[in-house]
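There are 2 protein chains.
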Amino acid sequence: MGRVFNFGAGPAALPLPVLEKAHKEFLDFQSSGMSIMEMSHRSKTYQAVIDSAEAGIRRIMCVPDNYSVLFLQGGASTQFAQIPLNLLGKGQVGDYVNTGSWAEKAIREGKVVGDVNVIWDGAETNYMTMPKAAEITESENSAYVHITSNETIGGVQFKEFPKTKAPLIADMSSDVMSRRIAIEDFGMIYAGAQKNIGPSGLALVVMRTDLAERCPETVNHIFRYSTQIKDGSMYNTPNTWAIYIVSKVCEWVEELGGLDALEKINEEKAAILYDALDSSDFWTPCAQKESRSLMNVTWRLPSEELEKKFIAEATAAGLAGLKGHRSVGGIRASIYNACPTAGVEALVKFMKKFEEQA
Amino acid sequence: MGRVFNFGAGPAALPLPVLEKAHKEFLDFQSSGMSIMEMSHRSKTYQAVIDSAEAGIRRIMCVPDNYSVLFLQGGASTQFAQIPLNLLGKGQVGDYVNTGSWAEKAIREGKVVGDVNVIWDGAETNYMTMPKAAEITESENSAYVHITSNETIGGVQFKEFPKTKAPLIADMSSDVMSRRIAIEDFGMIYAGAQKNIGPSGLALVVMRTDLAERCPETVNHIFRYSTQIKDGSMYNTPNTWAIYIVSKVCEWVEELGGLDALEKINEEKAAILYDALDSSDFWTPCAQKESRSLMNVTWRLPSEELEKKFIAEATAAGLAGLKGHRSVGGIRASIYNACPTAGVEALVKFMKKFEEQA
Numbered sequence: 045m046g047r048v049f050n051f052g053a054g055p056a057a058l059p060l061p062v063l064e065k066a067h068k069e070f071l072d073f074q075s076s077g078m079s080i081m082e083m084s085h086r087s088k089t090y091q092a093v094i095d096s097a098e099a100g101i102r103r104i105m106c107v108p109d110n111y112s113v114l115f116l117q118g119g120a121s122t123q124f125a126q127i128p129l130n131l132l133g134k135g136q137v138g139d140y141v142n143t144g145s146w147a148e149k150a151i152r153e154g155k156v157v158g159d160v161n162v163i164w165d166g167a168e169t170n171y172m173t174m175p176k177a178a179e180i181t182e183s184e185n186s187a188y189v190h191i192t193s194n195e196t197i198g199g200v201q202f203k204e205f206p207k208t209k210a211p212l213i214a215d216m217s218s219d220v221m222s223r224r225i226a227i228e229d230f231g232m233i234y235a236g237a238q239k240n241i242g243p244s245g246l247a248l249v250v251m252r253t254d255l256a257e258r259c260p261e262t263v264n265h266i267f268r269y270s271t272q273i274k275d276g277s278m279y280n281t282p283n284t285w286a287i288y289i290v291s292k293v294c295e296w297v298e299e300l301g302g303l304d305a306l307e308k309i310n311e312e313k314a315a316i317l318y319d320a321l322d323s324s325d326f327w328t329p330c331a332q333k334e335s336r337s338l339m340n341v342t343w344r345l346p347s348e349e350l351e352k353k354f355i356a357e358a359t360a361a362g363l364a365g366l367k368g369h370r371s372v373g374g375i376r377a378s379i380y381n382a383c384p385t386a387g388v389e390a391l392v393k394f395m396k397k398f399e400e401q402a
Numbered sequence: 045m046g047r048v049f050n051f052g053a054g055p056a057a058l059p060l061p062v063l064e065k066a067h068k069e070f071l072d073f074q075s076s077g078m079s080i081m082e083m084s085h086r087s088k089t090y091q092a093v094i095d096s097a098e099a100g101i102r103r104i105m106c107v108p109d110n111y112s113v114l115f116l117q118g119g120a121s122t123q124f125a126q127i128p129l130n131l132l133g134k135g136q137v138g139d140y141v142n143t144g145s146w147a148e149k150a151i152r153e154g155k156v157v158g159d160v161n162v163i164w165d166g167a168e169t170n171y172m173t174m175p176k177a178a179e180i181t182e183s184e185n186s187a188y189v190h191i192t193s194n195e196t197i198g199g200v201q202f203k204e205f206p207k208t209k210a211p212l213i214a215d216m217s218s219d220v221m222s223r224r225i226a227i228e229d230f231g232m233i234y235a236g237a238q239k240n241i242g243p244s245g246l247a248l249v250v251m252r253t254d255l256a257e258r259c260p261e262t263v264n265h266i267f268r269y270s271t272q273i274k275d276g277s278m279y280n281t282p283n284t285w286a287i288y289i290v291s292k293v294c295e296w297v298e299e300l301g302g303l304d305a306l307e308k309i310n311e312e313k314a315a316i317l318y319d320a321l322d323s324s325d326f327w328t329p330c331a332q333k334e335s336r337s338l339m340n341v342t343w344r345l346p347s348e349e350l351e352k353k354f355i356a357e358a359t360a361a362g363l364a365g366l367k368g369h370r371s372v373g374g375i376r377a378s379i380y381n382a383c384p385t386a387g388v389e390a391l392v393k394f395m396k397k398f399e400e401q402a
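Protein chains in written order, with the numbering used here: chain A, 45 to 402; chain B, 45 to 402.
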C-alpha cells in the first residue's frame, strides 16, 4: 500500500521527510558504525543530538533564557502527577480549568497530592466550548492555574490565554508547536510528543527554571524537575530515539520557515475542513464555533450507521484514523503539523462524494 | 564505516537481524501505509505488537500466570521510586542489598519514601564482590528485599539468589533475559530495556500480580502498578516504538533457540574474555573471581596512560564503547545478548596484539 493520509489523534503522523532521513541513517548513524538507538547517551555524538533538539525547540518557540527545556519520560499523564508533586505547596491550592477528558485526568492526579479548586467547568456545554480569558479567576492562595490548551477528544482549543498572578501551566499535548504562543506568559507548558513533535514515550516540558526550586524533599528525586534540569534531561538514560526524532522534526519545521509559516499552513488546513463542514447540514460540527480546534476537528453525521460507513469507506480510500474517540463517537480528523494540506483536500473531496451518494 | 563491535554499557548494541527487519518495514508497517511510530496504540495492528512482545517475554523467561508483564516508561530509575511507593507500607522496612552504584540509587529513593535497612554492604571490597545467598538476612518487618542482580559499573553479578520470606525484588537491568532464573522465586524483577532487550525509554516489569494491591491511595494513579496492570500497560500512551523493538528482540531470541541457547552463548563469550584476562599479568580484572559478571567485564591496565591508549586504538580498530564508567575508570566490555561471539574474539585478538606491542 502507498502512504495513507493519517488523521489519527496520536501517536500521529510524522513528516515524511523526517521518516525518510531517519530511514536512511537507521543502520549507521553519522558513520558511527551503529544505529542511533545503540549509542551511549553520554557520547559526544549523542550529546550533539539532544543539544540540537533543545536548540531547535528554543529557536522555533522563542523560549526565554530563564526557562528550562526538558525531555522527560512518561508522557503528559506523568506530568499530571509531577506538577502537583513539585509545585502544590502546603496551604496552597491548585487551580484547574476543566475543559474535558484530559483536564479531568490532570485534576484527578492533583487531588491525590493536595487541595484542588476547579475554577471553571465546561460541563454545561458538554465540554464543547472553551472559557474566555476573563471567565477565569484564580484562587487567592493559588499555587498555579492549570489549563489544557487543546482538548483532543472534544476538539476545542483555547484562543486567548488568561493572565494569572500564579504561574499558568498548560498541557499543550495536542497543539504544541502548532501556533505562536508567548512562553513568558506561562510558568510551564508541557506536551506528550506523539502528536506534533515526535513519537510516543516522551514529554516535552518548558518551565520557568526558578519554579523547580519549590519542590519539597518528600518527593522522589526522579520526579523532581530540579533533578533533570541539573543534569540536562540525563539524570537517567532518556528516550534517546524519541529525542533524535524530535531533533529531526525541528529541522523540518525550520526548513518550512518556522512557526509563523507552520501556523499559517495549520490555519489554512483547518479552514478548508471547517468550510466543508459548514457548507452542508449533512455534517454537524461538535465544537462551538469560537472554540474550534485547529488540530482536532470533530463532527457528526446524520446517524451512527452513516458514521460507520463513512469511516470504513474513508479507510479504504487511504484516509486513516478518522474514528472519533471511543468515549464520544462520531468523526475526528486530527490535522497536526505533519498532516499535509493535500491530506485535508483529499478528505474534503471524499466527504463531498460521500454526501452525494448518501 | 562498516558496523563496529559495540561494547557500550547502554544504550547498547541491538541484534543486527532486528535492526534490519525494523529498517525494512520502517516506512510502511505491515502494509498499513504508515510507520509503526505513527500508529494508534489502540489499533488492532498495534495491539498485536504489544501482545507479541508480552507473549515473547512470557515464553522465553517462563513467566508464571500469576505474574503481570508490564512495559513502563522512565527506566529502572523510575522503578527505584515506584517500588517503595507501591510496596513499602507503614510499620514496614524496605531491605536493600548495597552492591554498588545502582543499588545505592535504589536505596536513595527508598529513603525518601519510608524506612530502609541496608542488610548487606559491599563497601569493604569496594563493591567488587557480591554476597552469597546465606549472607542475606531480612528484617523482621520486611516489606521486600531489594537486590541488584548485576552491577554494570563494577562488573559483579549475583550467582545464587537468596530465598526470602518477604518478596525478593531484583533490578535486572543489565542481565535480564541473559540467563535462566526462576521467576517464581521473586516478587518482582525489573529492567531498563536499553541493555539486553531493546532501546532506551522503556522498563520491563514482571511482578506477582497480587503485590500490586498493596499500594496506598496517597500514591498518584500513574505510579500505581495496579493502574497499568488493569490497562495492559496502556493506561496512557506507551513507548510504542520501544515495545515494537522488544517484540523483534524476542523473536530473535526464540530463533536462536531461546534462553537456554542464549545463556550458553553468553557463558562462552565471557569465558573467552576472562581467560584472556587471566592468562597474563598485564591485565588486572576488577571483580572478585566468584562474583564476575557475564555481562560487564571490567579490568585495569598497568597505567591510566596505557588504558587511554588501549581505548583509543581499540576504537580505531572498530571496537567501540570500551571506556570504563567515569566514576571508576579502567576498561569495561559489556557483552550483552546482542554482542556476537565474533566481537569478543576480535577484542581478545586485539588485546593480545596490544600487549605484545606495549
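Where a beta carbon is used, it is the ideal one built from N, C-alpha and C, also for glycine.
- Listed in chain order, the beta strand (DSSP E) elements of length 3 or more contained wholly in the segment 109 to 196 of chain A are 111 to 116, 137 to 142, 160 to 165, 186 to 192.
- Across the segment 278 to 296 of chain A, CB contacts with chain B closer than 8 Å involve Y279, N280, T281, P282, N283, T284, W285, A286, I289, in sequence order along the chain.
- Within chain B, the residues placing a beta-carbon under 7 Å from that of M83/A are P55, ordered along the chain.
- In this structure, T196/A keeps its C-beta atom at 7 Å or more from the C-beta atom of G166/A.
- In the DSSP assignment, Y318/A falls within the alpha helix (DSSP H) that extends over 302 to 322.
- Residues of the segment 149 to 183 of chain B with a C-beta less than 8 Å from any C-beta of chain A: R152, E153, V156, V157, listed in chain order.
- For S222/A, no CB of chain B lies under 7 Å from its own CB, so it is not counted at the interface with that chain.
- Judged by DSSP in its simplified three-state form, D219/B adopts coil rather than helix or strand.
- Closer than 8 Å at the C-beta level to chain B, one finds these residues of the segment 71 to 82 of chain A: L71, D72, S75, S76, G77, M78, S79, M81, E82.
- Neighbours of G118/A across chain B, judged by C-beta separation under 9 Å: L116, Q117, G118, T122, I266, N280.
- Taking a C-beta cut-off of 8 Å against chain B, the contacting residues of the segment 243 to 254 of chain A are P243, S244, G245, L246, listed in chain order.
- In its chain, beyond the 5 residues on either side, V141, N142, P175, E179, I180 have a beta carbon closer than 7 Å to the beta carbon of W164/B.
- Remark: fewer than three beta-carbon pairs, one from each stretch, lie closer than 8 Å, so the segment 112 to 119 of chain A and the segment 87 to 106 of chain B are not flagged as touching.
- Cβ-Cβ distances below 7 Å link T253/B to N110, Y111, S112, I273 in the same chain, with the five nearest sequence neighbours on each side left out; the list follows chain order.
- Annotated as distal: G199/B and V388/B, with beta-carbon spacing of 7 Å or more.
- By the criterion of a C-beta distance shorter than 6 Å, V189/A is surrounded in its chain by D139, E182, T208, A210, L212, once the five residues flanking it on both sides are discounted.
- Listed in chain order, the alpha helix (DSSP H) runs fully inside the segment 243 to 292 of chain A are 269 to 274, counting runs of at least 4 residues.
- In the structure shown, W296/B falls within a helical segment according to DSSP collapsed to helix, strand and coil.
- For G301/A, none of the residues of chain B pass the 7 Å Cβ criterion, the least Cβ distance being about 24 Å.
- Contact of N340/B with chain A by beta-carbon distance below 9 Å is absent, the smallest such distance being about 14 Å.
- Cβ-Cβ separation between T284/B and H67/B: approximately 17 Å, too far for a contact (criterion under 8 Å).
- When DSSP states are grouped into helix, strand and coil, K209/A belongs to the coil group.
- Its Cα nearest to that of I289/A, the residue I80/A stands out among L71/A, I80/A, G52/A.
- For I375/B, no alpha helix (DSSP H) segment is defined; the enclosing uninterrupted segment is the beta strand (DSSP E) at 375 to 378.
- Taking C-beta separations shorter than 8 Å and ignoring five residues to either side along the sequence, the partners of V107/A in its chain run I101, V113, I227, V250, following chain order.
- Here Y380/B is near N240/B, since their CB atoms are less than 7 Å apart.
- W343/B has P329/B, I375/B as its beta-bridge partners, per DSSP.
- In the pairwise beta carbon analysis, the segment 50 to 66 of chain B is classified as not touching the segment 333 to 340 of chain A: fewer than three pairs are separated by under 8 Å.
- Here I225/A carries a coil assignment [DSSP, helix/strand/coil].
- For the pair of segments examined, the segment 388 to 399 of chain A was found to touch the segment 309 to 321 of chain A: the number of CB pairs separated by less than 8 Å reaches three.
- S218/B sits close to M339/B, with the two beta carbons spaced by under 7 Å.
- In this structure, DSSP gives L71/A a state outside helix and strand, which the three-state scheme calls coil.
- When DSSP states are grouped into helix, strand and coil, M232/A belongs to the strand group.
- Nearest C-alpha to N170/A among P346/A, S145/A, C259/A: S145/A.
- In the structure shown, L63/B falls within a helical segment according to DSSP collapsed to helix, strand and coil.
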